[in-house]
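Remarks on the structure that follows.
Number of protein chains: 2
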Amino acid sequence: MTAPLFKRIAFLGIGLIGSSVARIARERGDIAAEIVVNARTQQTLDRVMALGFADRVELDPAEAVKDADCVMLCAPVGAFAALAERIAPFLAPGAVLTDVGSTKQSVIRDIGPLVPAGVHFVPAHPVAGTEYSGPDAGFTTLFEGRWTLLTPPPGTDEDAIEKVAELWRRCGSMVERMEPGHHDRVLAIVSHLPHLIAFTICGTADDLADESRQEVVNFAASGFRDFTRIAASDPVMWRDIFLNNREAVLEMLQRFMEDAQAMARAIRWGDAAYIEDKVERGRKIRRSLIATKQA
Amino acid sequence: MTAPLFKRIAFLGIGLIGSSVARIARERGDIAAEIVVNARTQQTLDRVMALGFADRVELDPAEAVKDADCVMLCAPVGAFAALAERIAPFLAPGAVLTDVGSTKQSVIRDIGPLVPAGVHFVPAHPVAGTEYSGPDAGFTTLFEGRWTLLTPPPGTDEDAIEKVAELWRRCGSMVERMEPGHHDRVLAIVSHLPHLIAFTICGTADDLADESRQEVVNFAASGFRDFTRIAASDPVMWRDIFLNNREAVLEMLQRFMEDAQAMARAIRWGDAAYIEDKVERGRKIRRSLIATKQA
Chain A
417 MTAPLFKRIA FLGIGLIGSS VARIARERGD IAAEIVVNAR TQQTLDRVMA
467 LGFADRVELD PAEAVKDADC VMLCAPVGAF AALAERIAPF LAPGAVLTDV
517 GSTKQSVIRD IGPLVPAGVH FVPAHPVAGT EYSGPDAGFT TLFEGRWTLL
567 TPPPGTDEDA IEKVAELWRR CGSMVERMEP GHHDRVLAIV SHLPHLIAFT
617 ICGTADDLAD ESRQEVVNFA ASGFRDFTRI AASDPVMWRD IFLNNREAVL
667 EMLQRFMEDA QAMARAIRWG DAAYIEDKVE RGRKIRRSLI ATKQA
Chain B
417 MTAPLFKRIA FLGIGLIGSS VARIARERGD IAAEIVVNAR TQQTLDRVMA
467 LGFADRVELD PAEAVKDADC VMLCAPVGAF AALAERIAPF LAPGAVLTDV
517 GSTKQSVIRD IGPLVPAGVH FVPAHPVAGT EYSGPDAGFT TLFEGRWTLL
567 TPPPGTDEDA IEKVAELWRR CGSMVERMEP GHHDRVLAIV SHLPHLIAFT
617 ICGTADDLAD ESRQEVVNFA ASGFRDFTRI AASDPVMWRD IFLNNREAVL
667 EMLQRFMEDA QAMARAIRWG DAAYIEDKVE RGRKIRRSLI ATKQA
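Heads up: the sequence lines are chains A and B, in that order.
For any residue, its number in my numbering is found by taking its place in the first sequence, counting from 1, and adding 416.
For any residue, its number in my numbering is found by taking its place in the second sequence, counting from 1, and adding 416.
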């Protein structure tokens, strides 16, 4: 077996992503020799011990990171600033500090200034997920064929970046570097806006007083179902993503609303060619997706 | 075996829905003794004969409906008026004329006045589908556990309604009657609006000049993918649905846009509680859906 990348990895937060990485680390053995898990409640930590992918659990994040040569933040991004402040004095010299947050400019803004000299901060985002959350939700194939985007600030230690990249490759992921602002815009359109829309349309449907929720539920197979799948994701995680990628999300939503208004106008005035053309574009993107095997 | 419901069924149009019903009729034998298929092109008809679920194919819809005691319109709803005009003089006395269109007020408006005395018009809508279209796309389990909604105008012959209901039950579907206007509003929110949104967001993503389509495609797993699946549906069918359920679609889109604007405002002003509440509602609807087994 290849030597483990790290002696000790500490997960702060252990939801879908964290528990998937921990399961892979446990199964492969070549990611970290020891796995420490921190979560906000003893109940979660008890569950983690029962699930068997951690060597040790710690209720205090400061205790969890001591002597760890890799610390991975897996909490909702809104919790990162407080977590970083708490752990900063306890981070081991030379340790790699990384995260899995879906917004990268905010993470660099919140954590960057708190990172002690000699600790290497490598922001990362594995672009993978399901609508399930919590330590039970993770599984070892989650990252296979998916991308992990690294957004290290200029001047970050190249060895540290490579170690994080290798960790994600060992998780089955493809790895790419990206500028944080560009990351936030791309993710706003492919992920944040679709989620915002899915949450919204579920609310719109729920508000219809004259059509009962049961009817919406009965006939959901016809399109609505896919939106509810997306909308089943973790509320706190998504609240934090929207608030921490505000500018890009608002810009993409604005563009989308203009396009939706143009469709409304075409429907009102019976512009069949316009509608057909827009529908055709959806098909084209779907075909590219299937060709790239992301479908 | 139970006696067939009909001596001869004629399908006008043979896409996903029509070819699924035809396959079931062929397999069960108790829906119709003879299956006749009409489509717009000889190429489609040749394919239908090769697929083996038709006894006869006819390029002229008038020829297809002659002596049929059940005629099922399975073309896009925008083609119904012309089809009905063409076949009306050739419909057999006592025949049942039904359809599978996704909009019901427009179907009654377009076909109703053309139905000859003695022919029984029973509008129907099987609420089932996939993103695939054409005679190859059909399969025999498409309607299992799904609803078919019947929207017969007042005064429609009860025996004819019951025969259509029984046809759909034999296809595996649950059957319910609904007022056409109510049908159009319910479907606008559960199906038409989700499709309109999916088509639109694919266009919005495609328009981003600075983020390439390849990046959108690479990271689509993160939410966008479900929208492209919906958006892969047949363009002509959807164009016709939007144009023929105009008022309900525009109203639901308007409600949705107001809700999306409210979300945008909450994001801009950092209203965390509002966002979390909206996200929670999506989860609740998803849970109802899973409880009703439509997920």
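Glycine included, C-beta positions come from ideal geometry on N, C-alpha and C.
If the cut is a Cβ gap below 7 Å, which residues of chain A does residue 675 (chain B) touch? Position 259 of the second sequence, counted from the first residue, corresponds to residue 675 (chain B). By Cβ distance, chain A contributes 616, 619, 620.
Is it right to say residue 585 (chain A) is buried, meaning 16 or more other beta carbons lie within 10 angstroms of its own, or is it exposed? Looking up residue 585 (chain A) in the first sequence gives position 169. Flag for residue 585 (chain A) reads exposed.
Buried or exposed: residue 521 (chain B), going by 16 or more other Cβ atoms within 10 Å of its Cβ? If you number the second sequence from 1, residue 521 (chain B) lands on position 105. Residue environment: residue 521 (chain B) is assigned as buried (16 or more neighbouring CB atoms within 10 Å of its CB, all protein chains considered).
Going by C-alpha distance, which of B:498, B:624, B:515, B:660 is nearest residue 580 (chain B)? Position 164 of the second sequence, counted from the first residue, corresponds to residue 580 (chain B). Relative to residue 580 (chain B), the option among B:498, B:624, B:515, B:660 whose CA is nearest is B:515.
Compare the C-beta of residue 603 (chain B) against all C-beta atoms of chain A and say whether one is closer than 8 Å. Reading the second sequence from its first residue, position 187 is the one you call residue 603 (chain B). Taking Cβ atoms only, chain A reaches closer than 8 Å to residue 603 (chain B), which makes this a yes.
In the DSSP assignment, find the beta strand (DSSP E) that holds residue 530 (chain A) and state where it starts and stops. Mapped onto the first sequence, residue 530 (chain A) falls at position 114. Careful: residue 530 (chain A) lies outside any beta strand (DSSP E) and carries neither H nor E.
Compute the beta-carbon to beta-carbon distance between residue 476 (chain B) and residue 424 (chain B), rounded to the nearest angstrom, for a pair I have assumed lies under 8 Å. Start at 1 with the first residue of the second sequence, and residue 476 (chain B) comes out as number 60. Start at 1 with the first residue of the second sequence, and residue 424 (chain B) comes out as number 8. Cβ-Cβ separation between residue 476 (chain B) and residue 424 (chain B): approximately 16 Å, too far for a contact (criterion under 8 Å).
Residue 531 (chain A) versus residue 495 (chain A) - alpha carbon distance: For this step, residue 531 (chain A) is matched to residue 115 along the first sequence. For this step, residue 495 (chain A) is matched to residue 79 along the first sequence. About 16 Å.
Would DSSP call residue 515 (chain B) helix, strand or coil? Counted from its first residue, the second sequence places residue 515 (chain B) at position 99. Here residue 515 (chain B) carries a strand assignment [DSSP, helix/strand/coil].
Determine, for residue 475 (chain B), whether the minimum Cβ-Cβ distance to residues of chain A falls below 8 Å. Against the second sequence, residue 475 (chain B) aligns to sequence position 59. Using a Cβ-Cβ cut-off of 8 Å, residue 475 (chain B) does not count as an interface residue toward chain A, since no Cβ of chain A sits closer than that to its own.
Residue 517 (chain B): contacting residues in chain A (beta-carbon distance under 7 Å): Position 101 of the second sequence, counting from 1, holds the residue named residue 517 (chain B). Residues of chain A passing the Cβ test: none, with the nearest at roughly 13 Å.
Runs of alpha helix (DSSP H) wholly within the region 550-591 of chain A (minimum 4 residues, chain order): Taking only runs of at least 4 residues, the alpha helix (DSSP H) segments lying wholly in the region 550-591 of chain A are 574-586.
Can you look up residue 488 (chain B) in the DSSP assignment and give me helix, strand or coil? Within the second sequence, the letter at position 72 stands for residue 488 (chain B). In this structure, DSSP gives residue 488 (chain B) an extended state, which the three-state scheme calls strand.
So which residues on chain B does residue 536 (chain A) lean against when the C-beta distance must stay under 9 Å? Working through the first sequence from its first residue, we reach residue 536 (chain A) at position 120. The contacting residues do not exist; residue 536 (chain A) stays about 25 Å from chain B at best.
At the level of alpha carbons, what is the spacing between residue 555 (chain B) and residue 659 (chain A)? Along the second sequence, read from residue 1 onward, the residue named residue 555 (chain B) stands at position 139. Along the first sequence, read from residue 1 onward, the residue named residue 659 (chain A) stands at position 243. Residue 555 (chain B) and residue 659 (chain A) have their C-alpha atoms some 45 Å from each other.
Per DSSP, which residues does residue 451 (chain A) bridge with? Please list them. Position 35 of the first sequence, counted from the start, is the residue given in the question as residue 451 (chain A). The partner list for residue 451 (chain A) (beta bridge, DSSP) reads A:425.
Taking just the CA atoms, how far does residue 644 (chain B) sit from residue 614 (chain B)? What you label residue 614 (chain B) is simply residue 198 of the second sequence in a count that begins at 1. What you label residue 644 (chain B) is simply residue 228 of the second sequence in a count that begins at 1. Approximately 7 Å, taken between the alpha carbons.
Three or more C-beta pairs below 8 Å linking the region 571-579 of chain B and the region 545-553 of chain B: Flag = no, the region 571-579 of chain B and the region 545-553 of chain B do not touch.
Residue 460 (chain B) to residue 450 (chain B) span [Cα, whole Å]: Along the second sequence, one-based indexing puts residue 460 (chain B) at 44. Along the second sequence, one-based indexing puts residue 450 (chain B) at 34. One C-alpha to the other measures close to 19 Å.
Name, please, each residue of chain A whose Cβ falls closer than 9 Å to the Cβ of residue 591 (chain B). Stepping through the second sequence from its first residue, residue 591 (chain B) is reached at position 175. Residues of chain A passing the Cβ test: none, with the nearest at roughly 12 Å.
Under 7 Å (Cβ pairs) to chain B, residues found in the region 675-703 of chain A: Listed in sequence order: 675, 676, 679, 680, 683, 684, 686, 688, 691, 692, 694, 695, 696, 697, 698, 699, 701, 702.
Would residue 567 (chain B) and residue 595 (chain B) qualify as a contact pair, given that the criterion is a beta-carbon distance under 8 Å? Sequence index remark: in the second sequence, residue 567 (chain B) carries index 151 (1-based). Sequence index remark: in the second sequence, residue 595 (chain B) carries index 179 (1-based). Going by C-beta atoms, residue 567 (chain B) is nearer than 8 Å to residue 595 (chain B).
Taking buried to mean at least 16 other C-beta atoms within 10 Å of its own C-beta, is residue 689 (chain B) buried or exposed? One-based indexing of the second sequence puts residue 689 (chain B) at position 273. Residue 689 (chain B) comes out exposed.
Stretch-stretch touch, CB-based, cutoff 8 Å, three pairs: the region 619-638 of chain A with the region 678-697 of chain A: Under the Cβ criterion (8 Å, minimum of three pairs), the region 619-638 of chain A does not count as touching the region 678-697 of chain A.
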